[in-house]
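Have a look at the structure below before the remarks.
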Amino acid sequence: MSMDWTAAFEGPLSEYVPTDTTARIRVPWPELDDTDHDLARVVLEDPLSAFPAAEDALAELGYTDTAFRVFDLPESRTYRVGKYGSDALGTLIGVHGEVVNVEAIKPFAETAAFECSYCGTLNPMSQPGGKLVKPFECQNETCENTNQWSLNVSESEIADFQEILIKRTESSLDDPPVEAVYLWDDLCETLSKGDVVTIVGTYDTLPWPDEAVLKTYLDAVSINKSEQPATVDEVADWKVKKWTFEEADRLCDAGSGYDCSKRDVLRSVSDEYGVAEGEINAAIDNLEEQGYVSEYQDGRIQITTSSDPTFEPPAEL
Ligand SMILES: [Zn+2]
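Counting in the numbering used here, the sequence shown tops out at residue 321, every number present.
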């Protein structure tokens, strides 16, 4: 029997519900999955219904305007920038990359209230983004106004909005893939250029396709910054690879089948060095590309080199 959001927030998830009135609650996805498998699944598959439903339940419990944030998605849902396909559209995914551009914060009208200049009637118009969509005619049936409006800011729903761009890290491509990410309200102003992040969000296309190629973006619901900010420079890259390889090697030696679980490698390197799992994932991919390890469907890893690879960059002369 599946739980509803209200029961989840009152019961197993109550420890995440704030005692004061903060603007958000953050729940690790595995906790949600332990609480209720169906709720966890619908968050992944249909975030555009699941998040409003969860936030409505919070509002009914007295937490009005409280954002529901989910982080730490399963590994199968976490990708490097551009490594997901169009079948991920409309679902919740985690994307790992480096912030390469940060736009200024703008106020964004989610619902713009247009006041009729003839009769004063308020005409609320929900906004898809971009150019303001104005009413076609005044909602007052006796009024004939079709084009004279003033925007009533206090009656509009205005949110802070910020667009950033993230780029794939550890890429051998000349032109690594990038993705636009939209940040709202409390997520705004949390990132700067050079930050290496895993962003959980809904993967979507812009609602006004006017080009043959749809523009995609990630609508963020949570951000986890890597604790090692230096991934941008190559020193940290090689270090993450070295730590990952050494840990995989140690765990494989300790195991009975000369292999080890990828999950254990991720957890162990992440605990030991404070590196985000997305980065360790990228390091494993990179080690595999170089033929040092093999990764199998069942989530296990084997060392496939008999020599000890060198990860240190050559000393500068
Ligand atoms: Zn009017």
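For glycine and all other residues, C-beta sits at the position ideal for the given N, C-alpha and C.
Just so we're clear, the structure is a prediction, and the values are computed from it rather than from any experiment.
Would D302 be called buried (16 or more neighbouring beta carbons within 10 Å of its own) or exposed? For the purposes of this step, residue 302 is identified with residue 298 of the sequence shown, where counting begins at 1. The residue in question, D302, is exposed, as its Cβ has fewer than 16 Cβ neighbours within 10 Å.
According to DSSP, simplified to helix, strand and coil, what is F165? Working through the sequence shown from its first residue, we reach residue 165 at position 161. Reduced to three states, the DSSP call for F165 is strand.
Give the DSSP bridge partners of D229, in chain order. As a working mapping, residue 229 is identified with position 225 in the sequence shown. Per the sequence presented here, residue 229 reads as Lys, with Asp not at that position. Looking at the DSSP assignment, K229 forms a beta bridge with V201.
For the structure I just gave you, are there three or more beta carbon pairs, one from the segment 178-195 and one from the segment 149-160, closer than 8 Å? no
Pull up the CB-CB distance for Q2 and I109, whole angstroms please, since I reckon it's below 8 Å. Because the chain is modelled from 5 through 321, residue 2 falls outside the range shown and cannot be assessed.
Quick check for students: name the residue ranges of the alpha helix (DSSP H) that lie wholly in the segment 50-93, counting only runs of 4 or more. 51-64
Alpha-carbon spacing of L126 relative to G66, whole angstroms: Numbered from its first residue, the sequence shown carries residue 126 at position 122. Numbered from its first residue, the sequence shown carries residue 66 at position 62. In a straight line, the C-alpha of L126 is about 28 Å away from that of G66.
List the endpoints of the continuous beta strand (DSSP E) containing V185. Here residue 185 refers to the residue found at position 181 when the sequence shown is read from its first residue. Here the beta strand (DSSP E) through V185 covers 182-188.
Among all the DSSP beta bridges, which residues are the ones paired with E102? Translated into the one-based positions of the sequence shown, residue 102 becomes position 98. According to DSSP, which records beta bridges pairwise, E102 is partnered with K171, V200.
To the nearest angstrom, how far is the alpha carbon of V185 from that of F118? Position 181 of the sequence shown, counted from the start, is the residue given in the question as residue 185. Position 114 of the sequence shown, counted from the start, is the residue given in the question as residue 118. When rounded, the distance between both Cα atoms is 29 Å.
Backbone CA spacing between T23 and I29 [nearest angstrom]: Counted from its first residue, the sequence shown places residue 23 at position 19. Counted from its first residue, the sequence shown places residue 29 at position 25. Each residue's alpha carbon lies about 11 Å from the other.
What does DSSP give as the partner residue(s) for I307 in the beta ladder? As a first step, residue 307 is located in the sequence shown; it is residue number 303 there, counting from the start. Bridge partners of I307: V297.
What do you reckon, is the C-beta of S192 under 7 Å from a heavy atom of ligand 1? As a working note, residue 192 is residue 188 in the sequence shown. A quick correction: the sequence has Cys, not Ser, at residue 192. Because no heavy atom of ligand 1 lies under 7 Å away, the Cβ of C192 does not count as near it: no.
Report the three-state DSSP secondary structure of V236 (helix, strand or coil). As a position in the sequence shown, residue 236 is number 232, starting the count at 1. Bear in mind that the predicted position of V236 carries a pLDDT of just 36, short of 50, making it too unreliable to give a figure here.
Identify the residues that DSSP records as bridge partners of L155: which are they? Along the sequence shown, one-based indexing puts residue 155 at 151. F118.
Terminal residues of the beta strand (DSSP E) in which D268 lies: Against the sequence shown, residue 268 aligns to sequence position 264. Taken as a continuous stretch (DSSP letters only), D268 belongs to no beta strand (DSSP E), being part of the alpha helix (DSSP H) at 266-277.
N149: beta carbon under 7 Å from a heavy atom of ligand 1? On the sequence shown, position 145 is the one that residue 149 refers to. Indeed, a heavy atom of ligand 1 lies less than 7 Å from the Cβ.
Same chain, Cβ closer than 8 Å to E14, five either side skipped, listed in chain order: Within the sequence shown, the letter at position 10 stands for residue 14. These residues qualify, in order along the chain: L65.
Answer yes or no: the CB of Y221 versus the heavy atoms of ligand 1, is any distance below 7 Å? In the sequence shown, residue 221 corresponds to position 217, counting from 1. Checking the Cβ of Y221 against ligand 1 gives no.
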